[in-house]
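Student: One structure, as structure tokens, below. Some questions next.
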Amino acid sequence: MPNILKLNAISEVADKEFPEGYVFSNEVNKPDGIMLRSFNMHEYPLNDELLAVARAGAGTNNIPIPACTEKGIVVFNTPGANANAVKELVLCELFLGGRKIVDAIDWVKTLKGTEGVSKAVEKGKSKFVGHEILGKTLGVIGLGAIGVAVANAAVDLGMKVLGYDPYLSVSGALHLDTRVEVVGLEALIKAADFITVHVPLTPDTEKMFNAETFGKMKDGSVLINNSRGELVDTVAVLAAVESGKLERYITDFPSDELIGVNNVICVPHLGASTPEAEDNCAAMAARELVDYIENGNVTHSVNFPDVQAPRASAARLCIMHENAEGVINAITSVISGEGINIANLLDKSKKDKAYMLIDLDTVPSENAVKAISALKGIIRVRLLA
9 MPNILKLNAI
19 SEVADKEFPE
29 GYVFSNEVNK
39 PDGIMLRSFN
49 MHEYPLNDEL
59 LAVARAGAGT
69 NNIPIPACTE
79 KGIVVFNTPG
89 ANANAVKELV
99 LCELFLGGRK
109 IVDAIDWVKT
119 LKGTEGVSKA
129 VEKGKSKFVG
139 HEILGKTLGV
149 IGLGAIGVAV
159 ANAAVDLGMK
169 VLGYDPYLSV
179 SGALHLDTRV
189 EVVGLEALIK
199 AADFITVHVP
209 LTPDTEKMFN
219 AETFGKMKDG
229 SVLINNSRGE
239 LVDTVAVLAA
249 VESGKLERYI
259 TDFPSDELIG
269 VNNVICVPHL
279 GASTPEAEDN
289 CAAMAARELV
299 DYIENGNVTH
309 SVNFPDVQAP
319 RASAARLCIM
329 HENAEGVINA
339 ITSVISGEGI
349 NIANLLDKSK
359 KDKAYMLIDL
369 DTVPSENAVK
379 AISALKGIIR
389 VRLLA
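In the working numbering, the protein residues as written are 9 to 393.
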């Protein structure tokens, strides 16, 4: 039975998702699957038996995705599983951005032992006057599960909400409150009093908030970043805070340069740090691994297309291949040569890689599987029978 290696402490709810006979442990050699949270896998050896890596969370920067892809290892994440936890943190940060609550609490701590604390509080509280979020404009960049949840909640709090996402999914659009206005990025940046960013770190999004971006924002606006620290140019954001262009920068990714800076609030990466979120992520990651190992179904992969179909035939071939002309014909020719009927075929691509599920009425021979594996453009072949 399959061996699943856990590289981090994982919620015990994951154990319940693995069928009897699975080994799920932090002491597994040559694993069939790996589950992790923040463990850095970039120097971790990828054994030949490894089929899939599941990240119990959304970000996958700690996983060597190109290397996994070339070896035919599916990388899963768990989008939406921690959405509510992050949404609640963002809502908290909206209030922290509008009101000087953190500064005020720190100041109150200095009054310990002061005679007449009540009078001192009344005298000093004027330094911490803030503003309400009611009626203010919130810009939400990235309308995935978290962004949609934040946008919908902010609308209910009485904010005007603008959203931006060039890759808005059908599911995201269906779940987005109709009161949220979807606009272009520049229009959002110019109009928003608060901006919260929920996009992955890619070469296109790295330092997307830079001196030029801050120059387009409203004076005294607030930027909230719970996605990745590298989305923001640190030098530029410090200059924006110092000049007052930004009233406050709030991030879940502290750095030495940001800690202790006036009007910068650093939260210690608490976005998904709730037992509920950890349970949801662990359970989803485990289900993804089991469904892929047993059925070849791919759901929520970051490096191969999502392809799912119920099992209803004698055998299933799971084939990863280059998204190139002639590959599909070459595969089906091998199968036809064995006189085997194809009951169902699904093939989808993701950029230059593709994934195919072929359900067959008869179990193919070992020679046929080897012949397919040897075809040009084939990355990996698995037979499930």
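Positions of the beta carbon are idealized from the N, C-alpha and C atoms, including for glycine. Since the model is a prediction, treat every value here as computed from it, not as a measurement.
If you draw a straight line from the alpha carbon of A322 to that of L368, how long is it in whole angstroms?
Tutor: So the alpha carbons of these two residues sit roughly 6 Å apart.
Student: How would you label Y175, buried or exposed, when you count the other beta carbons within 10 angstroms and need 16 or more for buried?
Tutor: Burial call: exposed.
Student: Where do the ends of the alpha helix (DSSP H) carrying H183 lie?
Tutor: Note, H183: alpha helix (DSSP H), V178 to H183.
Student: If you drop the 5 nearest sequence neighbours on each side, which residues of the same chain put their C-beta closer than 8 Å to that of F217?
Tutor: Cβ neighbours of F217 beyond the five flanking positions: V205, L231, N233, L239, V240, D241, A244 and V245.
Student: Going by DSSP, what residues sit across from K38 in a beta bridge?
Tutor: K38 is not bridged to any residue.
Student: Assign F182 to one of two classes, buried (16 or more other C-beta atoms within 10 Å of its C-beta) or exposed (fewer than that).
Tutor: Sequence inspection shows Leu at residue 182; the Phe mentioned does not correspond to that position. So L182 counts as exposed.
Student: For L58, tell me which candidate among N70, E78 and G65 has the shortest Cα-Cα distance.
Tutor: Minimum Cα distance to L58 is reached at E78.
Student: Does DSSP put A290 in a helix, in a strand, or in coil?
Tutor: Helix at A290.
Student: Sort F136, V207, N303 and G138 by Cα distance to G171 and report the nearest one.
Tutor: That would be V207, whose Cα lies nearest to the Cα of G171.
Student: Can you name, in chain order, every residue of its own chain whose Cβ lies under 8 Å from the Cβ of C76, other than the five neighbours on each side?
Tutor: Excluding residues within five positions, the ones whose Cβ falls inside 8 Å are L54, V61, V82, V83 and N311.
Student: Compare the C-alpha of N337 against each of G41, I386 and G67 and name the closest.
Tutor: Comparing Cα-Cα distances from N337 to each of G41, I386 and G67, the minimum goes to I386.
Student: Measure the Cβ-Cβ separation of N34 and K14 and say whether it is below 7 Å.
Tutor: It is a contact, given that the beta carbons lie within the stated cut-off.
Student: How many Å lie between E51 and I71 at the Cα?
Tutor: The straight-line gap from Cα to Cα measures roughly 9 Å.
Student: Select from P211, D201, K168 and F202 the residue whose C-alpha is nearest the C-alpha of V190.
Tutor: It is K168 whose Cα lies nearest to the Cα of V190.
Student: Return yes when the Cβ of L102 is within less than 7 Å of the Cβ of I154, no when it is not.
Tutor: Not a contact, by the Cβ cut-off of 7 Å.
Student: Is the beta carbon of A89 less than 7 Å from the beta carbon of M292?
Tutor: Cβ distance < 7 Å, so A89 and M292 count as in contact.
Student: Between T259 and H308, what straight-line distance do the alpha-carbon atoms span, to the nearest angstrom?
Tutor: Their backbone Cα atoms lie some 26 Å apart in a straight line.
Student: How should S235 be labelled, buried or exposed, when 16 other C-beta atoms within 10 angstroms of its C-beta is the threshold for buried?
Tutor: So S235 counts as buried.
Student: Do you know offhand how far K131's Cα is from G124's?
Tutor: For K131 and G124, the distance between alpha carbons rounds to 11 Å.
Student: Going by Cα to Cα distance, which pick from V371, A290, K359 and C326 is closest to S344?
Tutor: Closest by alpha carbon: V371.
Student: Report the option in G192, S281, I73 and D40 whose CA atom is closest to the CA atom of T210.
Tutor: The option with the nearest alpha carbon to T210 is I73.
Student: Since F312 is in the beta strand (DSSP E), which residue starts that stretch and which ends it?
Tutor: No beta strand (DSSP E) contains F312, which DSSP labels as neither H nor E.
Student: Roughly how many angstroms separate the alpha carbons of T282 and A93, rounded to a whole number?
Tutor: If I take the Cα positions, the gap works out to 7 Å.
Student: If you scan the region 196 to 283 from start to end, which runs of the beta strand (DSSP E) of 3 or more residues do you find wholly inside it?
Tutor: Within the region 196 to 283, the complete beta strand (DSSP E) runs of at least 3 residues are 202 to 205, 229 to 233, 254 to 259 and 272 to 274.
Student: Hey, how far is the Cα of F202 from the Cα of L119?
Tutor: So the two alpha carbons sit approximately 32 Å from each other.
Student: Distance, Cα to Cα, G192 vs D164?
Tutor: Cα to Cα, the separation comes out at about 23 Å.
Student: Expressed to the nearest angstrom, what Euclidean distance is found between the alpha-carbon atoms of N375 and I327?
Tutor: Distance between the alpha carbons of N375 and I327 is about 16 Å.
Student: Judging by CA-CA distance, which residue of A280, L254 and L278 is the nearest neighbour of N270?
Tutor: Of the candidates A280, L254 and L278, the one whose C-alpha sits nearest the C-alpha of N270 is L254.
Student: Within the continuous alpha helix (DSSP H) that includes A393, where are the two ends?
Tutor: Neither: A393 is in no alpha helix (DSSP H) and is coded neither H nor E.
Student: Specify, as a first and last residue, the run of the alpha helix (DSSP H) that S381 falls within.
Tutor: First-last of the alpha helix (DSSP H) with S381: E374 to S381.
Student: Of all the options G152, V129, I366 and A162, which has the alpha carbon lying nearest to the alpha carbon of G143?
Tutor: Looking at the Cα atoms, A162 is the closest of the given residues.
Student: How far does the beta strand (DSSP E) with L325 in it extend, from its first residue to its last?
Tutor: It spans A323 to E330 - the beta strand (DSSP E) in which L325 sits, taken as one unbroken run.
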